[in-house]
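Taken in order, the first sequence gives residues 49 to 468; the numbers are from our numbering.
First up is the structure itself, then whatever we jot down about it.
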Amino acid sequence: MRFSRMLIPTTKETPNDAVLASHKLLLRAGFIQFVGGAGLYNFLPLGKITLDKVRAVVKEELDKAGCNEVHLPIVTPLSLWEETGRADKFGKELLRFKDRHENSFTLSPTNEEAMVNLVRQTVKSYKQLPLNVYQINWKFRDEVRPRFGLMRGREFLMKDAYSFHATTEDMQREFDLMEQTYKKIFTRLGLEFKVVEADSGAIGGAGSKEFMILADSGEDTIMVCDACDFGANVEVIAEDETNCPKCGGNLSQTKGIEAGHIFQLGTTYSEPMKAEFLNENQKLEPFVMGTYGIGVSRLLAGIIEQNHDDKGCVWTKASAPYNVDIIVAKAKNEEQMEVAEKLYSELQAKGVDVLLDDRADKKTGFGVKMKDFELIGMNYAVVIGNDISEGKVELITRKDLSKESVALENIVDVLIEKLR
RNA sequence: CGGAGUGUAGCGCAGUCUGGUAGCGCACCUGGUUUGGGACCAGGGGGUCGAAGGUUCGAGUCCUUUCACUCCGACCA
49 MRFSRMLIPT TKETPNDAVL ASHKLLLRAG FIQFVGGAGL YNFLPLGKIT
99 LDKVRAVVKE ELDKAGCNEV HLPIVTPLSL WEETGRADKF GKELLRFKDR
149 HENSFTLSPT NEEAMVNLVR QTVKSYKQLP LNVYQINWKF RDEVRPRFGL
199 MRGREFLMKD AYSFHATTED MQREFDLMEQ TYKKIFTRLG LEFKVVEADS
249 GAIGGAGSKE FMILADSGED TIMVCDACDF GANVEVIAED ETNCPKCGGN
299 LSQTKGIEAG HIFQLGTTYS EPMKAEFLNE NQKLEPFVMG TYGIGVSRLL
349 AGIIEQNHDD KGCVWTKASA PYNVDIIVAK AKNEEQMEVA EKLYSELQAK
399 GVDVLLDDRA DKKTGFGVKM KDFELIGMNY AVVIGNDISE GKVELITRKD
449 LSKESVALEN IVDVLIEKLR
């Protein structure tokens, strides 16, 4: 893509209302835009691209683990929620409204009931099990206090998966598989994270684990063991506990952003909703279920909370809207522009996500392009400038802002190696 | 829902105490000069001051009511 044709409204001023780094930077770098209602944001082109990239990583790993992607309507009949009693339990957080026929509906905050309904209408035999179905879809929760930009919006993109099994043992096997799958997803996204024991909250069920992105700004307090991999949310462990219940090692307190949560549900939903299958003994049994969520839009905030500096965002390779930014120092210089166009085509041909900063208006000089590169936080910038007469370009690494001079003929290979 | 704060141009703000017909920076438009780290000069466009009501000759400013947003708390996949 060419910068000159993209809507990227970067700003120098820090928005007054934003407190968190991710909130400020995503606004300043033109990824998102405040709509006016609390917790509602427009995703601008850069934000949409980044969201889609993160979403693709989530989808790929789930598909590899044998999950089935589906798509449910965001509007759900309230009657489904009444079957499980959650219409009352969710309270005001569940946004309700009526259609022209006075029928009650909700904007889905999560989809256990809707997905159980999908499965009970289609799965009748143990031979069809196990089954894991998921969607990556917008959710709406009328939060008491939405805040911190994408961290706790009212409308947010969530991956919600639901597994159905004949036995508890098989559900636990899937639970472990999802834990491994989540670890792959978070690792691919370049995140530093911790899996912790957690409370099951309003979803209900037996065991649950949370995937915490480690960041000082996190809303959750967690206890982690420095000797083994044990970790727990303070909701489920005494905050003054100093010894690891697993290995006896030292526990220390830290902050985390809850970006994923997996639950062993059992029959909490299948029983009241009469979602049953016929077992090998020809008897009806309720499905044993698991449910697994990832806050996809929250991941964007989490990635930035963990990866930013005073100049702007520092996206990880898997999440950056573009991995390479070609900066044409003087876009009116024909030679520079020619070299830049050629490099742009070559990188595209090699499958590299590249942005060409070809802006040639008189207000957009080299300084502006550099500032935008730093603020947006793409992984690398290639500066096509004066050195081009000697066959050299400058390669800048966003993470440490280091600069190196590279021969033009080698730059494609160097970049591909770095992005590997 | 309790506490605190803020609503004035697209964004960031001043003006409100002490009422006199709206201003600054950024952004935007035109022309010129610049061109490797958010340039400079000149000119220009854009606001019924969150909303409603009231006091007054006159309200951004005073009074009443109301709405929204932000932060802290409670709550929360």
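Using N, Cα and C, we set each Cβ at its ideal position, and we do this for glycine too.
The structure presented is a predicted model; accordingly, all values stated were derived computationally and were not measured.
Two segments are said to touch when three or more pairs of C-beta atoms, one from each, lie closer than 8 Å; by this definition the segment 338-354 touches the segment 93-102. By the beta-carbon neighbour count (other beta carbons within 10 angstroms, threshold 16), C276 is exposed. For E442, the three-state secondary structure derived from DSSP is strand. K440 is the residue among K447, L449, T290, K440 whose C-alpha sits nearest the C-alpha of V460. Of the candidates L332, E108, I122, the residue whose Cα lies closest to the Cα of N116 is E108. Taking every protein chain shown into account, the CB of D208 has 16 or more other CB atoms within 10 angstroms, so this residue is buried.
Annotation for I97: the continuous alpha helix (DSSP H) segment containing it runs 93-112. Secondary structure note for D406: it is in no alpha helix (DSSP H), with a DSSP letter that is neither H nor E.
Looking at the DSSP output, Q301 sits in a beta bridge with M271. The beta carbons of M271 and L299 sit about 5 Å from each other, so the pair counts as a contact at 8 Å. Secondary structure in the segment 50-88: the alpha helix (DSSP H) runs of 4 residues or longer, each lying completely within the stretch, are 69-76 in chain order. DSSP, read as helix, strand or coil, puts L179 in strand. The alpha-carbon of G197 is positioned some 18 Å away from that of I56. Here the alpha carbon of L391 sits roughly 27 Å from the alpha carbon of G238. Taken atom to atom, the span from the alpha-carbon of V387 to that of I432 is near 8 Å. For D420, no beta strand (DSSP E) encloses it; the enclosing alpha helix (DSSP H) starts and ends at 414-424. V244 and K257 do touch by the CB rule: their CB atoms are close to 7 Å apart, below 8 Å. Residue range 241-245 is occupied by the beta strand (DSSP E) that includes F241, with no alpha helix (DSSP H) assigned at that position. With a threshold of 16 other beta carbon atoms within 10 Å, F234 meets it and is buried. In summary, D224 is exposed, with fewer than 16 beta-carbon neighbours lying within 10 Å of its beta-carbon over all protein chains present. Sequence-distant Cβ neighbours of S152 in its own chain, meaning closer than 8 Å and more than five residues away, are P125, L126, S127, R144, F145, K146. Here Q169 is exposed. Its C-beta has fewer than 16 other C-beta atoms within 10 Å.
Note on geometry: alpha-carbon atoms of D268 and I184 lie some 24 Å from one another.
For A214, the three-state secondary structure derived from DSSP is coil. Of the candidates G304, M385, A104, I80, I80 places its Cα closest to the Cα of G95. K187 is classed as buried because its beta carbon has at least 16 other beta carbons within 10 Å across all chains shown. The beta carbon of V171 sits closer than 8 Å to those of L177, L179, F212, F325, F335, all from its chain and outside the five residues before and after it, given in chain order.
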